Every structure is written in C-alpha cells, then in structure tokens.
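>
Number of protein chains: 2
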Amino acid sequence: MKVAIAQLNYTIGDFEGNSEKIIQQINSAKINGADLVVFSELSVTGYYPHDLLEKKEFIQKAEVAVSKIATNCIGIAAIIGAPRINESDKGKQLYNSAFFLAEGKIKSVHNKTLLPTYDIFDEYRHFEPNNEFEIVEYKGEKIAVTICEDLWDELPTANEFGKDKLYQTSPMEELSKFNPDFVVNLSASPFSYNQEGWRKNVLINKAKRYKVPIFYVNQVGAQTELIFDGGSVFIDEKGEIKKELKYFEEDSLIIDTADTSEKILQRKAETIEKIHDALVLGIRDYFQKMGFKKATLGLSGGIDSAVTVVLAVRALGAENVRVLLMPSKYSSDHSVNDAIELAKNLKIRYDIVNIQAAVDKFEQELAPLFEGTVADVTEENIQARARGVYVMAISNKFGYILLNTTNKSESAVGYGTLYGDMNGGIAVLGDVYKMDVFKLSRFMNKNGEVIPENTIVKPPSAELRPDQKDTDSLPAYEDLDEILFDYIEMNKSPNEIIEKGFDEQVVNRVIRMVNMNEYKRFQAAPILRVSSKAFGFGRKMPLVAKY
Amino acid sequence: MKVAIAQLNYTIGDFEGNSEKIIQQINSAKINGADLVVFSELSVTGYYPHDLLEKKEFIQKAEVAVSKIATNCIGIAAIIGAPRINESDKGKQLYNSAFFLAEGKIKSVHNKTLLPTYDIFDEYRHFEPNNEFEIVEYKGEKIAVTICEDLWDELPTANEFGKDKLYQTSPMEELSKFNPDFVVNLSASPFSYNQEGWRKNVLINKAKRYKVPIFYVNQVGAQTELIFDGGSVFIDEKGEIKKELKYFEEDSLIIDTADTSEKILQRKAETIEKIHDALVLGIRDYFQKMGFKKATLGLSGGIDSAVTVVLAVRALGAENVRVLLMPSKYSSDHSVNDAIELAKNLKIRYDIVNIQAAVDKFEQELAPLFEGTVADVTEENIQARARGVYVMAISNKFGYILLNTTNKSESAVGYGTLYGDMNGGIAVLGDVYKMDVFKLSRFMNKNGEVIPENTIVKPPSAELRPDQKDTDSLPAYEDLDEILFDYIEMNKSPNEIIEKGFDEQVVNRVIRMVNMNEYKRFQAAPILRVSSKAFGFGRKMPLVAKY
Chain X
1 MKVAIAQLNY TIGDFEGNSE KIIQQINSAK INGADLVVFS ELSVTGYYPH
51 DLLEKKEFIQ KAEVAVSKIA TNCIGIAAII GAPRINESDK GKQLYNSAFF
101 LAEGKIKSVH NKTLLPTYDI FDEYRHFEPN NEFEIVEYKG EKIAVTICED
151 LWDELPTANE FGKDKLYQTS PMEELSKFNP DFVVNLSASP FSYNQEGWRK
201 NVLINKAKRY KVPIFYVNQV GAQTELIFDG GSVFIDEKGE IKKELKYFEE
251 DSLIIDTADT SEKILQRKAE TIEKIHDALV LGIRDYFQKM GFKKATLGLS
301 GGIDSAVTVV LAVRALGAEN VRVLLMPSKY SSDHSVNDAI ELAKNLKIRY
351 DIVNIQAAVD KFEQELAPLF EGTVADVTEE NIQARARGVY VMAISNKFGY
401 ILLNTTNKSE SAVGYGTLYG DMNGGIAVLG DVYKMDVFKL SRFMNKNGEV
451 IPENTIVKPP SAELRPDQKD TDSLPAYEDL DEILFDYIEM NKSPNEIIEK
501 GFDEQVVNRV IRMVNMNEYK RFQAAPILRV SSKAFGFGRK MPLVAKY
Chain E
548 MKVAIAQLNY TIGDFEGNSE KIIQQINSAK INGADLVVFS ELSVTGYYPH
598 DLLEKKEFIQ KAEVAVSKIA TNCIGIAAII GAPRINESDK GKQLYNSAFF
648 LAEGKIKSVH NKTLLPTYDI FDEYRHFEPN NEFEIVEYKG EKIAVTICED
698 LWDELPTANE FGKDKLYQTS PMEELSKFNP DFVVNLSASP FSYNQEGWRK
748 NVLINKAKRY KVPIFYVNQV GAQTELIFDG GSVFIDEKGE IKKELKYFEE
798 DSLIIDTADT SEKILQRKAE TIEKIHDALV LGIRDYFQKM GFKKATLGLS
848 GGIDSAVTVV LAVRALGAEN VRVLLMPSKY SSDHSVNDAI ELAKNLKIRY
898 DIVNIQAAVD KFEQELAPLF EGTVADVTEE NIQARARGVY VMAISNKFGY
948 ILLNTTNKSE SAVGYGTLYG DMNGGIAVLG DVYKMDVFKL SRFMNKNGEV
998 IPENTIVKPP SAELRPDQKD TDSLPAYEDL DEILFDYIEM NKSPNEIIEK
1048 GFDEQVVNRV IRMVNMNEYK RFQAAPILRV SSKAFGFGRK MPLVAKY
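Top to bottom, those sequences are chains X and E.
Here the first sequence stands for residues 1 to 547, numbered as in my numbering.
Here the second sequence stands for residues 548 to 1094, numbered as in my numbering.
See the structure below:
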C-alpha cells in the first residue's frame, strides 16, 4: 500500500484554509498514486483550539469541513483529525477524533484514548477519553489508528514521583490484539530542544515491541507560543527510522509499504540551529497568522535585542523591520555604535530618539512627592518605561508589532521592568537562557559578522545607572542558568541543587527571585516555547502563596 | 453526634499557618463538646496550589502537616483535605484526598472521584480520580465522605451541547449503598453572582434523593482571582437548609445531629451587596496574603476609579490608600473637582501631577518621525502611558500596589491602553460590567454620598481627546453589557444574540472586538472573579486564530 504522510501548517479556526490545504494534498497524493494520506492531529481545526471547543458553532464548522473533505476522497482514502460530539448522555461533550475517509464519506471514527494534561496540554478540559478499540480494514490491510499521546502510555523516564505510566490504559496493547499491518499516529508534538530524543525513542520502542511499522505524522508551524517542528517519520517493524520529513517546514512523502528499503533522512542539525530555526518559524507564523507584516523593537547595543532583531529580519525580511535606538545618559557610546553597526549590517531602518527630556519631566514633576527619598529602582524603571512609550508609539502609529527581547534568565529572576522593557506582542527569547542567547549570536555570525563582536563580548548590563553590570546583582550567567534549568525544567528542589555544589545562599536567593516574580510574568507577553518547560500556560503557579 | 463545620481562610502553601488554624479549631471544638470537626477541600494546602503540586517537597510538607494535625485529634475526630501520593504504578501522581483523623492518627483516606476541569478548575492536571468507595464508621454513625464536585455528577441545567452529566460515575450512587447516616462534603466553591442558586439546589437535591443529611463545608477567602464565599450549610434529610454559615467571613458552628430543629440562617443579601463584599474580600486577601498593606491608583473623576478607590478604602483603610490625580488638557474641570471631592470624602491622601509636560516631550521627540501623519489613537495612548509611568513611580518608590480600574465591558472590547491604564497588580472591576459598576456606586452611596453624584451621572468618557464619549465608539452600555454577557457568560453564538432583537451589525462588531482583543487581555492584571466566566485562566482562547 502507498501511504502518503502530510505534515502541514494549520491556522487555528481557519476551516476554509485548512480544508483547502488538506484537499490539495489529497488530490496531489492521488495523482501520485497514493492509496491513503494521513494528516496530523486536529488538522481540520489546528492544534490547539482551547475554549473555542466550547462553542457549538465551532464544532459544527469542523463537522462541515470534515464532510467536505470526505467528498474529495474518491479513489483514495484519508485520515484527518477533528473534534466530534460525544453522543452519549454522559461525559464531556467531545472526542478528539481521527476520521477515516474513503469512497466520498466518513467510513469510521477513532477517538483519542490518552488525553495529556501536563505542561502545555489541556485536553481533558474538553475531551472524553476513548475506551473502545477498533481497527480499519482497507485494501486488505489492517490499520491501527492512534492519536499522539496514545503511544505515550509509558514515559521514556520516570518523573520525580517515580512513575513512568501516567495512564491506566495502553491503546497499543488493545490494538495489537487485532494484529494490525501498520500503525498510523496523528500527532501535534511541539518542539523542545531538551527532549529531542524522547519522541523518536517512544516510537521506536513501540514499533519494536509490537513488531509493527508506524507512520507518525506531526503538525508543523507555530501557534502563538507553541512551535511544532514537523519531523514526521516512518519506522519499520524492527524499529528503524526509514523515512524522515523536514523540520520546521511543510513536507510530505509517499511511502510504499511493499518496499521501504531506501532511507530518506534529514541532516542532523545542532541544537542551537534548531532553536534558531524554531524561533524564526515562531516569529514568522505569529505575524502571518495574525495578518501582520512589520516588527519593531528597541535596539540597545546589547546581546538580547541584537539576537532578536536578527531573528526578526530572518523571519520577516529587512524591509519589514525598523528599530529605535533610545540611549540615556547611562548608555555607553559603544552601545549606540554597536546598535548602529548592527542596523547597518542588517540594512534595516533605525531612528534615534532621546529619552532624557521626557525622563527629566517625569522626575521634575515627581520631585515634590519624592522629597527626602534617594534614587532607587524607581528612577531606573522610569527610563525603561519612557522607552516603552516610544516603541509603542511607533507600533501604534505605523502598525509595527513590538517584539519583546527579554531572555529566560531575566524573566525567571524578574530582571525587567513591567510596562517598560517587558512590553511586546510576543517574547522572542523568553524561553532562551542567557548562555544560549550567546550561542545563538555565535551561530548567527558563523558565516560572517552580523552582530558586532563587541555586543557579544562586553559584560551584560541594563545600563540604567552608571557602570551597572548584570553581575552586580546576579550570579554569573553560567551558574544562574544551571540553577534555573534545574529548578524550572528539571523541577529539582533547592536542596538537590545545593547538593550539586552550588552555594546555598546563592541557590536560595535565585529560587526566591523566581518565586517572587510570578506576578511580573503573569503580565508578560506570550513566549515562544523551545524548552520542555517555558514560562506561560505550561507552568501555572499561584500568584498569592507562601512557598 | 455533634459535628462542627469550620469554614476558614487559608493561604496557599502556608502549611504552618493553615495547620495552626486547623488545630485551633479542633481544640476549641473539643472544648465545646464536638465529636467531629469537618474542614474544607485541600484545607492543608489552600485551594488551589496549581503546579506547586508537581513539587515533591510541597507534597511532603503537606504529609507532615496532616500527621501533625492528626496528633491533635485525641478525644475528637477531624476530616481535613490534602493531596496524597498515588502509590500505584499507574496514573497521575496524586489524589485529592480527605483524611479522617482520630485517636491521634490517620484512620482512613477518601479520594475525590469527580475532578472538574471546566472554567477555572484544572484538577485532572494533577490528580487521579478515585474509583473505590468506602464509608467511615465512627461512634456508631456511618459517614459518607465526599469532596466538592463529587456531589455534582448532575449539573443543574444542561450545557449548550444538551448534557447535564459530565462524568461517568456518581459517587453518591455508590456511597448510598452503605446507607450512610450523613454525608460530609469538603468544598472549595468560588463565588459567582450569576450562579448563586446552583450550589444550594445541587445539595438540596442530593439530600432529598438519598434521604440523607449533608454537611457542606466551603472554603472562605480570596486566592488571587478566586473569591471563596463560605456560606457552608447543613441540610437535613428532607432537603431543608437548617444551618447556614456567614458569607465572606470565617465562621464555624457545632451541629447536634440529634436535634437540628433550630434554624440558623443568614440574612438574604442583594446581589450587588454580595459583589461588593466579594470585591472587598478579594482586595483585602490579595494584600494580606502577599504581605502588602498599601494601595494606589489614578483617580480620574470617572466612575470606575471612584468605585475602585471606595472598595480599596473599605478593604485596607483610608490610611493605606493614596491616589494620584493626573488631568490632561482634555480633562474637564468637573473631573478634577469630582476626584478631589471623593478623596476628601474618603479622607485619603491625594496628589495632583501634571502629565502634559512629559506628554509634550514625547510628542516633540516623535514629531520628526510622525511627520505627515495625523493624530490618532497613538497620541491618546501616550497620555494613558504617561499616567501609567506616574502611578508606577509612586508604587515603586513607596511600596504601594497599583490597583487596576478597568471594568469588564472595557476589558471585553479592548477599550484600554496596554502599559497605560491597563497597568496594575490586581484588577478590581475586571469581572464587573459597566452597568454593575453604576449599581455598585449607588450601593456605596446608600447611607450618604461617598461618590459625588456628578461622577455617577455624567456620560462615561476616557477624556483622551476633546469631548470624547464612550458612546462615540461603543453601543450604549445597557446593550453592550447584555451582548457581552450573552457571548461570554452564556456562550451564545452571534446568531442567537441577534435573534434576541439586537442589531446584527452591532452584535458582530462587538463580538469582533472581543475576539480581536485577546492579545491585550493576555497581558492584563489578574482579575477578581465574581461571575461564572471571568477573563483570566477560566477562559482560554488561542491568541492567534481565525474565528
């Protein structure tokens, strides 16, 4: 049997656009001799529609789209993902389903059994889990249809509670009783650089254990914070990856199950390249799917805004990016020159505005109220907020979306000004630790200097007071980032981190800073997620709490 | 048997403080002859700890607290709520449990069966559902222990998908097989003004159906956005409410099951009074539990900031509230005078700062960049953001937390400036529609004018350009609020709202405004929730989507 796997980039709720993409793929697969095309999870709606799933209208539109796609399945079959109403009088109102389409109609429907609710997943909010298992018989082959998490009944490693089985059921254990000829898995697996190997291992283990080939079809493209990386694969019954689709791009392939000997694999990229590509895709899709074209940001001469603007230019084109340079009396000449040099390297428009006059007015007006006080973070924040007013003015006047440049290390410890440098429509580096921001800058300069060397090598500083350095108030970034990674991504306790050899006071202070700054992150821009635990809706901490 | 019900105000993660409160109640109940004291759901941790439940340390601290409380149960029994590790090798790592404590130890543990995941609830993220049912036998009585949602297997009304049963199991159906003498229900039910009757009806129906008395113990107090209203009740086997605890306050009562004839009920308050009391409690607890005392805000002379400041004074005391008046050239004299009058009525400190000088500097500096453009929302936003800089400066310099004054109607349609008037630590009126803000103002003036009449009667205006009125760009608030309520709280489709008689264009425009402004609300302050559907984590919409 010739099975096409189609890894496409969907827009949430764009039933017309998504259906059209799906139908085009079905038609071209048919022309190229495929018997069956498999799409990704919730392909009709895009993953994940969240509470749009509570709107009956939305579900009805999905039903109409599925029926329309079905009418295009003549002489070819397709498996697509969409929500479906649970007709029973009990349970949640929907199933997360895979529709097997052939002969112009819906031939069978297969519901998702394992509904993830950890990290960024929230499927149990909307869906009832499946508990009935059936197989598809088509052209003499028996096909086991699974949806994403259905193959994840065993985690690759146990969590800190010592558990590797989060569910009571194993769909593959049930489906294997039918002796399927192959398994298809409709997925929506977001990219995270520190769990790269997991996904393939899970699939390989299932193929080996049940001695069955697996077609794994992932979504590609960004949905606000979440970046789906594609990388769909065909794994044979020995657990060998025989075909692999592109990463961070739409792609499709027809695989003949009768002869899978030829290997089609992708070049192995370094982690930092993957993060780079993920962020470029994240920016590009945020803008395209929102219907925006142009981005702006404040260029300080520092590393974070430098890396952000390079990513923006790569995502949107130099003609769509303009920046503001907003030096203050504490900015070094170097900073301004570095920023100008970078803007020139990138061939983007830059303007210089002076923030001092407005800052002075604020301070003059506040002087009678501040009498008897000493300068502190208040005055630093006024500078940051004045800059925020300028970049937002450019954004409002000319329709440029402001990119936020805060990195994950800063965001974690609350090193940023609310309503100032924390402003932005999307936070490009909010899930990238400072040390990785440096790696990104080196990666960007690989084929010639884009970011001025001085921006990379000078000690990081917010330049909000004379001779300020980040290390005045924070540990060295090497240490800070490791402590943060252990606490946030690895969910380690302070004691476990101290046992690694870090200073107790430093660890406790860093963790206190993380915990105390939930309130700032609550109001932060959405963050492009590249790790296994980003700030945002995958990490919900109470704001008011003692811990 | 003498059963005490204890409705207390917990702080999330404050194991020491929460345990102390619980132990004090156990001791005083014992002195007063009680046999058993029942506390609310997750009383040991506070409801709801969110992803703190993923930290092993946190769970271990809860275990220690439960054991410590148990040692205080000599000559008296208690039922408390806490998380507990699921020792099975399958399933989520925790149960949401009720611990029956007697003779100085844990005698039995009862796990929650029905785990809500709708609206603000997210329990399936952390907990495994129970499927084993047991009864407690104590002093010759059989006690059925249930936790909150366990009694909600049938909703009072069907949802838009025509379902009134969200779960597969009915815990009371199982527990009734043991013929319990009474039911205890440990709850954490947040207040919502438009679902007031639901809770009592659900309890009454269960008592009647199973002919069994119910002790319902609710949490009281605010946890950031969520406001728990208390109002614990004892319902007899005929479904009659015989005892009712206070609303929005800690309270407890000993009930002798042998003689429940005497009725103890609370005065029936009007809805607007309940909203008022809920918001006062919401502010007070936010500050107390955060360890803050003082609040500030910008007083414009308009109704929203007026109502907010009265609530703040009632929650924190006049000595802890100071305000800024920040008129611009578009502010009417009336506005300034009304604001001053209100500040004087409340005996709070007020200062006047002139925003024009800073605004002028921004505009001068931007003039070369803005050449050839006309004044638009950009200039309005600069004013709003300059005000934001001033109030945040007071906040930063003197440790006053900024209260946000945006109402729900504005928040819904995106009528507010990000990083300007949308600033704040907590949004006091973010779940109160404009028409209810007016009602609150009338309620506040019931016993004498606090808010100047002129503030209430003048046409609402943002005063960001000459002679601006809200109705220039929005429908009348009577209509707007009804359309919004139907769309947001009732989840009606545009067509259903149009069918009620509203103008099609108006409805579509309002709904488009709601949908287009998710990005603003994403970065908004947390909102004190008083309705069944507040903006915030109980309503998750994708930012990038077509719908």
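Using N, Cα and C, we set each Cβ at its ideal position, and we do this for glycine too.
On a predicted model such as this, the values are computed, not experimentally measured, just so you know.
#1: Using the C-alpha atoms, what's the distance from R631 of chain E back to D968 of chain E?
#2: From this set, E:K790, E:T804, E:N706, which residue's C-alpha is nearest D798 of chain E's C-alpha?
#3: Is the region 324-344 of chain X touching the region 880-899 of chain E in the sense that three or more CB pairs, one from each, lie closer than 8 Å?
#4: Closer than 7 Å, Cβ to Cβ, to anything on chain X: give me those residues from the region 954-985 of chain E, in chain order.
#5: What does the Cβ neighbour count give for R1059 of chain E, buried or exposed, with the cut at 16 atoms within 10 Å?
#6: Thinking C-beta only, is P156 of chain X closer than 8 Å to N201 of chain X?
#7: Between F161 of chain X and chain C, is the shortest Cβ-Cβ distance under 8 Å, so that the two count as touching?
#8: In chain X, what lies closer than 9 Å to I632 of chain E by C-beta?
#9: Against chain X, with Cβ distances strictly below 8 Å, would E1000 of chain E count as a contact?
#10: Taking Cβ-Cβ distances shorter than 9 Å, what residues in chain E pair up with I12 of chain X?
#11: Where does T271 of chain X land, buried or exposed, given buried means 16+ other C-beta within 10 angstroms?
#12: Leaving aside the five residues before and after T224 of chain X along the sequence, list all residues of the same chain whose C-beta is less than 6 Å from its C-beta, in chain order.
#13: Identify the contact partners of S493 of chain X in chain E, using a Cβ-Cβ distance below 9 Å as the criterion.
#14: Distance, Cα to Cα, M541 of chain X vs F535 of chain X?
#15: Taking V530 of chain X as part of the beta strand (DSSP E), name the residues at either end of that continuous run.
#16: I'd like to know whether the C-beta of N194 of chain X is nearer than 8 Å to at least one C-beta of chain E.
#17: Does DSSP classify E1032 of chain E as helix, strand or coil?
#18: If you draw a straight line from the C-alpha of V584 of chain E to the C-alpha of I774 of chain E, how long is it?
#19: In or out: R199 of chain X buried (at least 16 other Cβ within 10 Å) or exposed?
#20: Hey, T1002 of chain E and A853 of chain E are a contact pair by Cβ (cut 8 Å); roughly how many whole angstroms apart?
#21: Establish whether the CB of L366 of chain X and some CB of chain E are separated by less than 8 Å.
#22: Between which two residues does the beta strand (DSSP E) holding H110 of chain X run?
#23: Suppose contacts are defined by Cβ-Cβ distances below 8 Å. Is Y962 of chain E in contact with L1021 of chain E by that definition?
#24: From the DSSP output, which residues share a beta bridge with D1017 of chain E?
#25: Can you grab the Cα-Cα spacing for the pair D181 of chain X / K139 of chain X, in whole Å?
#26: Could you name the residues of the region 575-602 of chain E whose beta carbon sits closer than 8 Å to any beta carbon of chain X, in the order they occur along the chain?
#27: Hey, does K90 of chain X have any beta-carbon neighbour from chain E nearer than 8 Å?
#28: From Y763 of chain E to V591 of chain E, what does the alpha carbon distance come to, in whole angstroms?
#29: From the beta carbon of L532 of chain E, is the nearest beta carbon of chain X less than 8 Å away?
#30: Apply the 10 Å Cβ neighbour rule to N131 of chain X and answer buried if 16 or more other Cβ atoms are within range, or exposed otherwise.
#31: Name the DSSP beta bridge partners of G628 of chain E, please?
#32: Would you verify that the beta carbon of Q523 of chain X is, or is not, closer than 8 Å to some beta carbon of chain E?
#33: Mind checking whether K637 of chain E and Y167 of chain X have CB atoms under 8 Å apart?
#34: Could you spell out where the alpha helix (DSSP H) holding E363 of chain X opens and where it closes?
#35: According to DSSP, D153 of chain X sits in a beta bridge with which residue or residues?
#36: Could you tell me the distance, in whole angstroms, from the CA atom of A842 of chain E to the CA atom of A545 of chain X?
For this structure:
#1: Going by the C-alpha atoms only, they are around 43 Å apart.
#2: E:K790
#3: no
#4: Listed by position, the residues of the region 954-985 of chain E near chain X (Cβ gap below 7 Å) are Y966, N970, G972.
#5: exposed
#6: yes
#7: Structure shown: chain C not included; protein chains present are X and E.
#8: F161
#9: no
#10: The answer, in chain order, is P1089, V1091, A1092, K1093, Y1094.
#11: Exposed is the label assigned to T271 of chain X, since fewer than 16 other Cβ atoms lie within 10 Å of its Cβ.
#12: P526
#13: K602, K603, E604
#14: Cα to Cα, the separation comes out at about 10 Å.
#15: Where V530 of chain X is concerned, there is no enclosing beta strand (DSSP E), given that its DSSP letter is neither H nor E.
#16: no
#17: What sits at residue 1032 of chain E in the sequence shown is Phe, not Glu. Reduced to three states, the DSSP call for F1032 of chain E is helix.
#18: 23 Å
#19: buried
#20: That belief holds up - the Cβ atoms of T1002 of chain E and A853 of chain E are roughly 5 Å apart, short of 8 Å.
#21: yes
#22: 105-111
#23: yes
#24: Answer by DSSP bridge pairing: none, since D1017 of chain E is not bridged.
#25: 12 Å
#26: Of all residues in the region 575-602 of chain E, G593, Y595, P596, H597, D598, L599, E601, K602 have a Cβ within less than 8 Å of some Cβ in chain X.
#27: Chain E contact via Cβ: present.
#28: 17 Å
#29: Outside the displayed range of chain E (548 to 1094) lies residue 532 of chain E, so it cannot be described from this structure.
#30: exposed
#31: E:A645
#32: yes
#33: yes
#34: 356-370
#35: Answer is none; D153 of chain X lacks a bridge partner.
#36: 19 Å
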